[in-house]
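Since the structure comes first, as structure tokens, the remarks are kept for the end.
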Amino acid sequence: MDLPNTIKSGQAFRWRQDGKETEAAEAWFSGVVFDSIVTIRHVRGGIEIRCATGEAEEVAPLLRDYLRLNDPLDDICRSIDLDEHIRSAMTRYSGMRLLRQDPWECLVSFICSATSNIRRISGNVEEMASHFGRRLANGGDARHAFPRPGELAEAGEQRLRDLGLGFRAKYLAPVARMVADGEVDLFALREADYSDGLETLTSLPGVGDKVANCVLLFSLDKLEAFPVDVWVRRALQEWYDVDRKKKLSDVDQRRWAQDYFGSYAGYANQYLFHSRRLMGR
DNA sequence: AGCCAGGCCCTCC
DNA sequence: GGAGGGCCTGGC
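Quick note on numbering: the first sequence equals residues 0 to 280 in numbering that gives the first Met the number 0.
Here's what the structure looks like:
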């Protein structure tokens, strides 16, 4: 398990590394999951947990689920080990895993990701939590639960704009209202298949193919999902020459990759994304 | 100072 | 059906 790269690979936005001075490999990370403030680090042979709120014994199995520790990573990596580029990325970030996040928080986070960046997304998400989420006791270092759909719906577009969310607020407000009213059942999509989930999610305002695939991959157990963003697009063009003949749309590039990598295309996506993004440009 | 960011949507052709 | 422009705000 590579905890630092898993936490810092742009899937989730509420984790903070405690004490930047220590090496990332041994660093503590604190986040808010399952309405608990949780601090974790990688230790030899496992994950060490400190629980500021709630019982560690209760959180441990949830965290195991969240970190997807039951995914057969060796088998998965073998199944997508199809060429030198993905192999190189898997070698460099060996042990990096997908997360299994809360679908609602994941949906909101990736609606916020449009023409943004990880730093700003994290700030937006944290601002929404601190303004509209329930305060979680933790002495001086207060953190807040991620706001429920109803809490965000009640906040409304203007107050979301006031937090600096920009045009994303005009999508977030109606989506929050729809989820709060039960027009869409995000958790039910865990039982649905990929294409049904994709259709449902892309029917929401502000949710296109890319954002929907992020939500499907990072929270709804659809490991064949393959979000195509600018970094993945660069990886596909530079390393796989996907565009060589005619220009392929993002959706066609996504379909190409899903066909090429197969049922664990989402893991391939994560390695390609992380690897290409850290190369910069 | 101006351009561009981890997209989406709408308008035109 | 797809190319092009607009959208908020912040950072370089």
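We treat Cβ as the ideally placed atom computed from N, Cα and C, and that holds for glycine.
query: Exposed unless 16 or more other CB atoms sit within 10 angstroms - verdict on P204; result: exposed
query: Same chain, Cβ closer than 8 Å to A172, five either side skipped, listed in chain order; result: L151, A152, A154, G155, E156, L159
query: Contact under 8 Å by Cβ, L162 with N123; result: yes
query: Residues that E47 bridges to, as DSSP identifies them; result: R40
query: Distance, L72 Cα to Q269 Cα; result: 13 Å
query: Contact check, R13 vs V42, beta carbons under 8 Å; result: no
query: Bridge-paired residues (DSSP) for H130; result: Its beta-bridge partners do not exist; DSSP assigns none.
query: Reduced DSSP secondary structure (H/G/I, E/B, other) of D34; result: coil
query: Residue environment, L215, which counts as buried when at least 16 other CB atoms sit within 10 Å; result: buried
query: Given F109 as reference, the closest of F131, N212, K221, A224 once Cα atoms are compared; result: N212
query: Proximity below 8 Å, CB of C105 to CB of L164; result: no
query: Cβ-based neighbour list, L188, same chain, cut-off 8 Å, excluding 5 preceding and 5 following; result: P102, D195, G196, T199, L200, L215, L219
query: Between the CA atoms of S35 and R49 - distance to the nearest angstrom; result: 11 Å
query: Beta-carbon proximity of Q10 to F28, cut-off 8 Å; result: no
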